[in-house]
Amino acid sequence: RRGGKPMLDSGEGLSSVAIDLLRILKARYNYRKLSVITGFPVSTLTRYLTGKTVPKGAKTWKLLKNLVANINISALIAQNIRNGDGYLDLTPIMLNSNMIKVLGAHVINEFAGTKVTSVLSLDMLSVPLASYLATTTSRPLHVISPEPLSVNGENIPIVFPELGTPYAKSRWLLMNSPKKRESILTVSSQTPDPSFFNALIKVLKRKNAEIAGLFTVIAKEEILQRLNIPPGVKRSYVLAY
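Structural data, given as structure tokens:
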């Protein structure tokens, strides 16, 4: 695995993730219950929530880990999914600020030991989550879009076959301040289209970049088997079917 700092090594940004999650759970539990959940005294939690101090170092990791362990993320996602006309509608989840904070904490916990140089959003619905992860871990954000987002030549075309037709489709990769050797955490709302994903892997390889991890909220096993995910890449899903 290439260079880059582990997701856990994110300084003050990680503290903000833990405090965000603590505030969300404070709406559900009183201080005494939060103290039991986190293992921190009520007085310490009070200082955190009032902004008088912030957790640092190992305390941040302990607080985040214990808070995440108390949330049934699978049940929470399942409760908020809308069933569309033959598809799963994740907009109530991916466009909800509190859900993004919960998911963000979950992802950081899942990939805590993974060395990551940047975050890549694979679809439009995952942009808010990828942005939150990039901001709180102080890493550049890359995006995939249906159209070029700039005119200075930084957009990289991803061309792939359209399933069941003789035609090709395209997406555009915009890499923000890429390093010489990238180790990327990819974020997606649902399982990526295999033709697109496999074409992306080839493009990244030409750019001296690799995928360090793949996170998707909803994963479809049949589609996952068609993704050319390199060996050793950590995968994480909230729900799989």
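In this text, residue positions in the sequence shown follow the working numbering: the first is -10, and each later residue adds one. Glycine included, every Cβ here is placed at the ideal spot set by N, Cα and C.
Checking 8 angstroms against the spacing of the C-beta atoms, do residue i and residue j come in under that value?
i	j	result
Lys104	Lys(-6)	yes
Thr205	Tyr230	no
Leu23	Leu34	yes
Glu143	Met113	no
Leu111	Val43	no
Ala94	Val6	yes
Pro167	Ile212	no
Arg21	Val31	yes
Asp145	Val222	Strictly speaking, residue 145 in this sequence is Ile, with Asp absent from that position. Not in contact: Ile145 and Val222 (Cβ atoms no closer than 8 angstroms).
Leu228	Ser63	yes
Who are the Cβ neighbours of residue i in its own chain at under 8 angstroms, not counting the five residues just before and after it?
i	result
Thr126	Met(-4), Ser(-1), Gly2, Leu3, Ile97, Val105 and Val108
Asp78	Ile70, Arg71 and Asn72
Val148	Ala157, Lys158, Ser159 and Ala188
Glu151	Ala157, Lys158 and Ser184
Lys45	Ser4
Taking residue i and residue j to be in contact with their CB atoms under 8 angstroms, please state how far apart those CB atoms are, rounded to whole angstroms.
i	j	result
Glu171	Ala198	4 angstroms
His131	Ile173	7 angstroms
Leu14	Leu56	6 angstroms
Can you list, in chain order, the residues of its chain with a C-beta nearer than 7 angstroms to that of residue i? Leave out the 5 residues immediately preceding and following it.
i	result
Pro135	Arg160
Lys54	Asn98
Lys169	Asn197
Ile8	Tyr37 and Val43
Determine the burial state of residue i: buried for a count of at least 16 other Cβ atoms within 10 Å of its Cβ, exposed for fewer.
i	result
Tyr37	buried
Pro220	exposed
Arg128	buried
Arg(-10)	Only weak support is given to the placement of Arg(-10): the predicted model assigns it a pLDDT of 49, under 50, and the value that follows is read from those uncertain coordinates. The residue in question, Arg(-10), is exposed, as its Cβ has fewer than 16 Cβ neighbours within 10 Å.
Select from the options the residue whose C-alpha is nearest the C-alpha of residue i.
i	options	result
Glu99	Leu203, Glu210, Ile218 and Glu211	Leu203
Pro117	Asn55, Thr80 and Ser63	Thr80
Gly102	Ala201, Glu210 and Leu228	Ala201
Met83	Asn59, Leu53, Ser115 and Ile60	Ser115
Leu216	Pro181, Gln68 and Lys196	Pro181
Asn61	Asn141, Leu92, Ser178 and Phe29	Leu92
Leu162	Thr154, Leu138 and Pro150	Leu138
Ile26	Lys48, Leu52, Ser86 and Gly46	Leu52
Lys48	Arg224, Asn59, Phe29 and Lys41	Phe29
Glu210	Arg195, Asn141 and Gln179	Gln179
Taking 6 angstroms as the limit between beta carbons, can you name the residues of its chain near residue i, skipping five residues before and five after?
i	result
Gln214	none
Arg224	Leu203
Arg195	none
Ile190	Asn217
Lys41	none
Phe186	Leu216
Met88	Ile82
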